[in-house]
Amino acid sequence: MAYDNSHSRFVGWAKIVLPLIALVLLSTLFLLSNRVDPMAAIPYAEVDVMELVREPALIEPQYAGMTEDGSVLSLTARRAVPDPENERGASAEGLVAKLTAKSGFVADMTATSGVLDPAGQGLVLSEKVTLQTSTGYRIASERIDVNPDMTELVSPGAVSGEGPFGTLEAGRMELKADDNGQVLDLLFNERVKLVYLPPQ
Amino acid sequence: QQIAFGGIKGDTKAPVEVTADSLAVNQETGHAVFTGNVVIGQGDMRLTAAQVEVVYGQGDQSRIDRLHATGGVTLVSAREAAEASEAMYDVAKGTVVMTGDVLLTQGENVMSGQRLDVDLATGTGQMQGRVRTILQPGGN
Numbered sequence: 001m002a003y004d005n006s007h008s009r010f011v012g013w014a015k016i017v018l019p020l021i022a023l024v025l026l027s028t029l030f031l032l033s034n035r036v037d038p039m040a041a042i043p044y045a046e047v048d049v050m051e052l053v054r055e056p057a058l059i060e061p062q063y064a065g066m067t068e069d070g071s072v073l074s075l076t077a078r079r080a081v082p083d084p085e086n087e088r089g090a091s092a093e094g095l096v097a098k099l100t101a102k103s104g105f106v107a108d109m110t111a112t113s114g115v116l117d118p119a120g121q122g123l124v125l126s127e128k129v130t131l132q133t134s135t136g137y138r139i140a141s142e143r144i145d146v147n148p149d150m151t152e153l154v155s156p157g158a159v160s161g162e163g164p165f166g167t168l169e170a171g172r173m174e175l176k177a178d179d180n181g182q183v184l185d186l187l188f189n190e191r192v193k194l195v196y197l198p199p200q
Numbered sequence: 201q202q203i204a205f206g207g208i209k210g211d212t213k214a215p216v217e218v219t220a221d222s223l224a225v226n227q228e229t230g231h232a233v234f235t236g237n238v239v240i241g242q243g244d245m246r247l248t249a250a251q252v253e254v255v256y257g258q259g260d261q262s263r264i265d266r267l268h269a270t271g272g273v274t275l276v277s278a279r280e281a282a283e284a285s286e287a288m289y290d291v292a293k294g295t296v297v298m299t300g301d302v303l304l305t306q307g308e309n310v311m312s313g314q315r316l317d318v319d320l321a322t323g324t325g326q327m328q329g330r331v332r333t334i335l336q337p338g339g340n
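Order-wise, the sequence lines are chains A and U.
Per our numbering, the first sequence starts with residue 1, numbered consecutively.
Per our numbering, the second sequence starts with residue 201, numbered consecutively.
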């Protein structure tokens with residue numbers, strides 16, 4: 001099959017080389033395409049359904065109430081679980097509480113855990129409790145008891161933080177209102193220590 | 201009567217530390233009162249009193265202008281001690297005004313009067329009101 005002219009020789013070679021190239025192109029097409037996994041089509045949630053059923057929990061519970069002397073108390077939590085011991089209370093996590101007194105004084109509190117028992121011992125915020133007041137106090141404590149009936153916050157344990165005129169530490173702290181909820185007093189007792197930096 | 205207060209030359213810009221048994225702050229007016237063996241310390245100056253009331257700068261609650269100590273006050277510094285019934289410590293100006301039968305002891309000399317003005321910055325003091333001094337004839 002020796003051809004005498006170059007054109008036929010060229011066509012003869014082309015008939016061999018071109019199909020080979022086509023074959024290579026076709027195979028790379030399937031080689032490089034990504035795999036479609038029919039099984040992973042529907043992603044489903046990994047929630048432990050049994051745990052949810054067994055433990056009845058409230059998500060984002062909210063409590064709001066008015067104390068006898070007219071200040072508004074509101075509290076929200078990320079999650080609350082009814083208390084096994086007393087049937088009315090509930091222990092909660094991720095609490096945010098706000099106390100607004102008639103006189104316009106506002107106290108904002110946050111805590112990682114707490115117990116809500118409005119009828120019994122009130123609302124107890126524990127574990128890394130922070131208190132911020134509209135009068136410029138920022139205080140950290142281990143526990144704050146919020147009285148749902150009267151305008152009263154009590155931190156039985158040590159508190160430390162800042163006031164408008166300096167940093168403060170005390171063994172105990174109480175926020176009380178007089179009977180008609182007008183005048184509020186912030187009391188620090190059991191050895192209070194204040195450090196004031198005069199303007200330089 | 202001008203007297204030198206060598207020891208009391210305090211640093212009026214040093215932080216003021218107030219410790220007490222309890223502190224009550226009225227959230228309406230911001231009026232703050234320390235009660236129960238209150239100790240005010242600045243530098244090496246110590247002022248103890250039964251009760252201290254905080255007086256702010258005009259309307260600005262973050263600046264303490266004066267501390268009004270009552271109920272028996274003693275001012276102690278390196279070498280002097282002064283006692284009176286009342287004292288007004290002006291933090292801004294760095295002066296202490298003690299009134300009410302003041303008794304000042306400097307080393308062995310004792311001086312009493314009705315009013316003692318101490319300037320912490322310059323360390324000088326001025327006693328007024330029926331001043332009586334008892335000077336011990338020193339050995340030097």
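Heads up, the beta-carbon is just placed ideally off N, CA and C, and yes, glycines get one too.
How many angstroms separate the CA atom of A:LEU99 from the CA atom of U:GLY271? 37 Å
Selected residue, minimal CA-CA separation from A:GLU152, among A:GLU85, A:VAL106, A:ALA22: A:VAL106
Curious, which full-length beta strand (DSSP E) runs of at least 3 residues does the region 274-309 of chain U contain? 280-290, 295-306
Curious, which full-length alpha helix (DSSP H) runs of at least 4 residues does the region 20-56 of chain A contain? 49-54
Considering only their Cβ atoms, is the gap separating U:VAL216 from U:VAL291 smaller than 8 Å? yes
So the candidates are U:GLY300, U:SER262, U:GLY323; which of them puts its Cα closest to the Cα of U:ASP229? A small correction: the amino acid at residue 229 of chain U is Thr; Asp does not occupy that position in the sequence shown. It is U:SER262 whose Cα lies nearest to the Cα of U:THR229.
For U:PRO215, return the contacting residues in chain A, with the cut-off set at a CB-CB distance below 7 Å. VAL195, TYR196, LEU197
Which residue from U:SER222, U:SER285, U:ASP260 puts its Cα closest to that of A:ALA236? Because residue 236 of chain A is not part of the residues shown, which for chain A are 1 to 200, the question remains open.
Alpha-carbon spacing of U:PHE234 relative to A:ARG191, whole angstroms: 10 Å
Cβ pair U:ALA282, U:LEU304 closer than 8 Å: yes
Is the number of C-beta pairs between the region 111-121 of chain A and the region 71-88 of chain A that are closer than 8 Å three or more? yes
Interface residues of chain A facing U:ALA220 [CB-CB closer than 7 Å]: VAL192
For the putative contact between A:LEU194 and A:LEU168, defined by C-beta atoms under 8 Å, what is the C-beta separation to the nearest angstrom? 5 Å
Let me know if A:SER141 comes out buried or exposed under the rule of 16 or more other beta-carbons within 10 Å of its beta-carbon. buried
Alpha-carbon to alpha-carbon, A:LEU186 and U:GLN242: 25 Å
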